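Note that the numbering used here has the sequence shown beginning at 2, numbered continuously upward.
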Amino acid sequence: INKRKIRMDFWSVWLLFASLFGALLLTDGVELTFELADNAKECFYQEIEKNVSSTLEFQVVTGGQYDVDVTLEAPNKEIIYSQVKTQFDSHSFIPTMSGIYKACFSNEFSTYSHKLVYMDFQVGDELPLPGLGEHVTVMTQMESSAQEVHKNLISILDYQTHHRLREAQGRKRAEELNERVLWWSVMETVCILFIAEQNIPIDINARKLLDWLINRRHCKKNWHMNILPIRQKINNAIQNMPAHDGIASLLSGVYINYFSCVKIVKILKETEADTKNLFGHYGSQRMKDWQEILRLYEKENIYLAEVAQMLMRNVNYEVPSIKKQIQKLEQLLAELEKKESEYKKSENIAHMEYNMMCKQLGVTGYNTVRRELLDKVKELPEIYQKIAEKTKCLDKVVEFYNAFVEFTFDQQYDSDCVSMIKYVIGMCA
2 INKRKIRMDF
12 WSVWLLFASL
22 FGALLLTDGV
32 ELTFELADNA
42 KECFYQEIEK
52 NVSSTLEFQV
62 VTGGQYDVDV
72 TLEAPNKEII
82 YSQVKTQFDS
92 HSFIPTMSGI
102 YKACFSNEFS
112 TYSHKLVYMD
122 FQVGDELPLP
132 GLGEHVTVMT
142 QMESSAQEVH
152 KNLISILDYQ
162 THHRLREAQG
172 RKRAEELNER
182 VLWWSVMETV
192 CILFIAEQNI
202 PIDINARKLL
212 DWLINRRHCK
222 KNWHMNILPI
232 RQKINNAIQN
242 MPAHDGIASL
252 LSGVYINYFS
262 CVKIVKILKE
272 TEADTKNLFG
282 HYGSQRMKDW
292 QEILRLYEKE
302 NIYLAEVAQM
312 LMRNVNYEVP
322 SIKKQIQKLE
332 QLLAELEKKE
342 SEYKKSENIA
352 HMEYNMMCKQ
362 LGVTGYNTVR
372 RELLDKVKEL
382 PEIYQKIAEK
392 TKCLDKVVEF
402 YNAFVEFTFD
412 QQYDSDCVSM
422 IKYVIGMCA
């Protein structure tokens, strides 16, 4: 008896599950995912009876801005639902007439983006399980459980659908992002190769140039320790140099750096050319010493560190000092120009006064002033003669002046009074 009950329960459960899946399959409606090309429009048709509850649900899974135009058209060509550039939406309605309803999805506003669209067109309510819809008596526990499982299964299917859509959307975005990163990496690689090929310079702060060389491992931190032997070799090498104007100018009180050594070696290739052997080596000790200095400079890029230090010193100290000197000289130049303008003004005034005096003296020629003045001297005797003749008329004035003096002192005044005038009058008498 127990075995028969177990078999009956087993087959009852399978029958209920089969009825459940059959009910799901018999449900009227359309559910699909389709690709909507650019500048395209897709329409779907569904026959619906009057007063049958229906729902249109859609979602753009991938493509462009995840938007699409949607219209729902009744059999009489009336638009009962319309959306423009919408990502997702759900519309429930009850038809007022029976016929074929048309749902259209448009991507005509996009010129190059394809869209992947999910659509679910549900018509009518979910069908009950066979034998449970017209159930008159109270349902058994198994029938109640089956109905509950039916409802839960429908909810699970909806959740699975939405999760699959979200998964597809996320995967598509990840693939697009991965593709963009890939192309960006390719472009960066091409740019780096192009820059390396073209040897394009980069901008480095001059104050941090030495630190940049050390951080990039172009030079070592202890480079200043390795340069001491190089300076010692330079001091020894300059004691034995040939007579040459170029070398003399390089060694005349100037700090000898790497570039000075390069110029010295270039000059020595001319002066020591007769010591060159068959294999291209020089037998001159001078050339060997300076070539050794260059080799030590280029070892571990010591010359780069030295030049960077010189550049930093010039930028930090020499250039600002020269700028200050330039400012002082410009200020002095402005003052001198001001004085020059004042002197020119004084010169013009003096020239005008000189011309006026010359005009008063009757001097007309600018280049014959001396000759004209000497000619004027010849006129002095005649002028003096005229003065003497006019002085004769002053004898009564002299007598009046003598009387005035005697009256003032109240006594006879015998001293020479206006003796020069009296002398002139006496000479002309």
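In this text, a Cβ means the ideal position worked out from N, Cα and C, and glycines have one as well. Bear in mind that the values here come from a model prediction, so they are computed numbers and not experimental data.
Residue nearest to Ala244 within the set Ser111, Asp290, Thr272 and Trp291 is Thr272 (criterion: CA-CA distance). The bridge partners DSSP lists for Val69 are Thr87.
When Lys300, Leu252, Gln60 and Gln240 are compared, the shortest CA-CA separation from Gln286 is found for Gln240. DSSP, reduced to helix, strand and coil, places Gln240 outside both helices and strands of the structure shown, so it counts as coil.
When secondary structure is reduced to three states using DSSP, Glu79 falls in the coil class, being assigned neither helix nor strand. Per DSSP, reduced to three states, the secondary structure at Lys379 is coil, with no helix or strand assignment. When rounded, the separation of the alpha-carbon atoms in Met311 and Leu194 is 32 Å.
With a beta-carbon spacing of about 7 Å, Phe59 and Asp90 fall inside the 8 Å limit used to define contacts. Taking the Cα positions, Thr369 is about 43 Å away from Gln332.
Following the DSSP letters along the chain, one finds Phe260 inside the alpha helix (DSSP H) bounded by residues Tyr259 to Thr272. Nearest Cα to Gln233 within the set Glu293, Tyr82, Asn216 and Asn223: Glu293.
Here Ile248 really is in contact with Met242; their C-beta atoms are around 5 Å apart, less than 8 Å. Listed as beta-bridge partners of Met226 by DSSP are no residues whatsoever. Annotated as distal: Val62 and Thr87, with beta-carbon spacing of 8 Å or more. In chain order, Ile294, Leu297, Tyr298 and Ile303 place their CB closer than 8 Å to the CB of Ile231, counting only its own chain and leaving out the 5 sequence neighbours on each side. Here the alpha carbon of Glu109 sits roughly 7 Å from the alpha carbon of Lys42. Here the alpha carbon of Glu373 sits roughly 21 Å from the alpha carbon of Gln386.
In the displayed model, Asp121 falls within a strand according to three-state DSSP.
Straight across, the Cα-Cα distance linking Val398 with Ile426 is about 12 Å. For the pair Gln123 and Ser107, the Cα-to-Cα distance works out to about 20 Å. In the structure shown, Val61 adopts extended strand secondary structure according to DSSP, grouped into three states. In this structure, the CA atom of Leu214 is about 13 Å from the CA atom of Ile203.
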